[in-house]
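Down below is the structure, laid out as structure tokens.
2 protein chains.
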Amino acid sequence: MEKNLKSRATINRMQQKGLELFYQKGYYTTSLDDILKALQLSKGAFYYHFQSKEDFMVSIVQHLLFRKVYSMLIEPIEGKEDPFRNIETCLENALEIAEHNPMDFGFVLGNFMNEFNGKNENVSRYLNDICKAWEVSLVTALQKGKSDGYLERHHDSEGIATFVISSYFGVRSLMVGGNPRMLRYQYMQQLRCYFKSMALKSTF
Amino acid sequence: MEKNLKSRATINRMQQKGLELFYQKGYYTTSLDDILKALQLSKGAFYYHFQSKEDFMVSIVQHLLFRKVYSMLIEPIEGKEDPFRNIETCLENALEIAEHNPMDFGFVLGNFMNEFNGKNENVSRYLNDICKAWEVSLVTALQKGKSDGYLERHHDSEGIATFVISSYFGVRSLMVGGNPRMLRYQYMQQLRCYFKSMALKSTF
DNA sequence: GGGGAGACAGACCTGTCGGTCGGTCGGTGA
DNA sequence: TCACCGACCGACCGACAGGTCTGTCTCCCC
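For the record, the sequence lines run as chains Y and P.
All residue numbers for the first sequence refer to the UniProt record's numbering, where the first residue is 1 and numbers rise by one.
All residue numbers for the second sequence refer to the UniProt record's numbering, where the first residue is 1 and numbers rise by one.
This is the structure we're talking about:
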């Protein structure tokens, strides 16, 4: 049992560092040696715990990425209040973290989806599942918002969710290139403008 | 002189195929041999015309990508009419092309920006320049729109441009994953909704 | 206290990558 | 006709990738 604990600790360290480096330098352009060197571990250690590089990546997505996206982007918008307000503050927080800590997990998702699209169907599927979960939570929040009178019923919840996800992935992509503070400000202002045009009980 | 023509033809073929494969499979995951095999050419031919793989990529960005982005995303919105209308039809066209032909150049730009961010400063610079050119053209169109009474002066043109670019990059990214037709429809509907909330002389 | 299993070390294998380099070939001008 | 040059060929190189395999260390259990 003590052994099992040590094993888990090592696996966690590997996954953490793996996510970090894969995100920073890209999956295909980061070698296992890069990760193992940073952790002071060997090939033997790696292949003792994982079957392959791809298996390693899948484990990162399933265990680390999913949890992070859930806690940062899904859970915060499950409130009972104005869905626009919830989504807005949620994204504002995410972008604020992204400004200081380069590894905000909402965008890690988008980044990986881009990298694996058309290259690795297996990993892509897991990533798409997470993205889908985010989308569903957005749609659910918006539908509830309709019941609670925050937006009119004729609005397309799925469309709004798509637009929110798209714009967020996009702006995070731009932020990596520079001027994160300004981009965040501009983005949030426009998002508010967009939401405002649909809101009924305006709390803006 | 005849020789020079042949040389240019070969260079063009290489750049075309290079862009195609780099976009489909990624720059770092596409080998020169992949490209040369598709063209029935040899390493010797490649290194006769280009100094390195990076040099090759830069030449593609400068010559092919820039021109395409210019003709597809910049030129079409330089009209005198309603900037919202212009941008809208421009993106609609781009997405329509993207739906049938997987290589729409607006997104090739976004895709490459993602891939080279933080990995190759040299290539990134050229890509950012093109993106900046697009942004400038959007801002210019919006500013002219203010003069012509299509939107109120208090709106932030830079912010709108950022939001448009972000959302477009984002939705194109999602489209690669599947359901391009639906995503395009949803995106355009929401974009119209967003624009409508700012338009003065509504032509919608 | 010794043996067996878990956790890891690291040399090594094989394939592929970007890049090099001597050689080839067809057209062209003298 | 023959030297020459632009355009190209393809064998080869060293670096490095993912993955394998054998050996080793350290606990725990009997």
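Don't be surprised by glycine CBs; every beta carbon is placed ideally from N, CA and C.
Keep in mind it's a predicted model, so treat the numbers as computed, not measured.
May I have the straight-line CA-CA distance separating residue i from residue j, to the nearest angstrom?
i      : j      : result
P/N93  : Y/R181 : 32 Å
Y/L174 : P/F46  : 33 Å
P/L39  : P/G18  : 10 Å
Y/E20  : P/E135 : 31 Å
P/K80  : P/L151 : 14 Å
Y/M57  : Y/S42  : 18 Å
P/K144 : P/A199 : 13 Å
P/S59  : Y/G149 : 55 Å
Y/R125 : P/L91  : 28 Å
Y/L142 : Y/E78  : 10 Å
P/I35  : Y/I97  : 41 Å
Y/T203 : Y/R85  : Residue placement at Y/T203 is poorly supported in this model, since its pLDDT is 48, which falls under 50; the coordinates still yield a value, given next. The alpha-carbon atoms of Y/T203 and Y/R85 are separated by roughly 8 Å.
Y/I11  : Y/Y23  : 18 Å
Y/N179 : Y/N128 : 29 Å
Y/S7   : P/V176 : 38 Å
Y/K68  : Y/E75  : 10 Å
P/N114 : P/G159 : 21 Å
P/V70  : P/M103 : It is worth fixing the name first, because residue 70 of chain P is Tyr in this sequence and not Val. Taking the straight line joining both Cα atoms gives about 15 Å.
P/K25  : P/F112 : 11 Å
P/D156 : Y/N4   : 57 Å
P/K132 : P/A161 : 10 Å
Y/N101 : Y/S147 : 37 Å
P/F107 : Y/N117 : 14 Å
P/D33  : Y/S31  : 21 Å
P/K196 : P/L73  : 21 Å
Y/L191 : P/V61  : 32 Å
Y/Q16  : P/Y27  : 26 Å
Under the DSSP definition of a beta bridge, which residues are partnered with residue i?
i      : result
P/A199 : P/L151
Taking 7 Å as the threshold (beta carbon to beta carbon), is residue i in contact with chain P?
i      : result
Y/T140 : no
Y/G18  : no
Y/S197 : yes
In chain Y, what lies closer than 8 Å to residue i by C-beta?
i      : result
P/K25  : G118 and K119
P/E158 : Q186
Under a CB-based cut-off of 7 Å, is residue i close to chain Y?
i      : result
P/T29  : yes
P/G177 : yes
P/G44  : no
P/T203 : With a pLDDT of only 48 at P/T203, under the threshold of 50, the placement of this residue in the model should not be trusted; the figure read from the coordinates follows. With 7 Å as the cut-off, P/T203 does not count as an interface residue toward chain Y.
P/D129 : no
P/N114 : yes
Residues of chain P with CB closer than 7 Å to the CB of residue i, please, in chain order.
i                      : result
Y/Y187                 : T162, F163 and S166
residue 211 of chain Y : Because chain Y in this structure spans residues 1 to 204, residue 211 of chain Y falls outside the shown range and cannot be described.
List the residues of chain Y whose Cβ lies closer than 7 Å to the Cβ of residue i, in chain order.
i      : result
P/F107 : Correct list: empty, because the minimum Cβ distance to chain Y is about 10 Å.
If the cut is a Cβ gap below 8 Å, which residues of chain P does residue i touch?
i      : result
Y/G110 : G170 and S173
Since residue i and residue j are thought to touch, with beta carbons under 8 Å apart, how far apart are those beta carbons, to the nearest angstrom?
i      : j      : result
Y/V171 : Y/Y187 : 4 Å
Y/K119 : P/T29  : 6 Å
Y/S167 : P/S167 : 4 Å
Y/I87  : Y/V164 : 6 Å
P/L65  : P/L109 : 6 Å
Y/E99  : Y/R184 : 6 Å
Y/H49  : Y/M14  : 7 Å
Please list, in chain order, the chain P residues whose beta carbon lies closer than 9 Å to that of residue i.
i      : result
Y/Y194 : F163, Q190, C193, Y194 and S197
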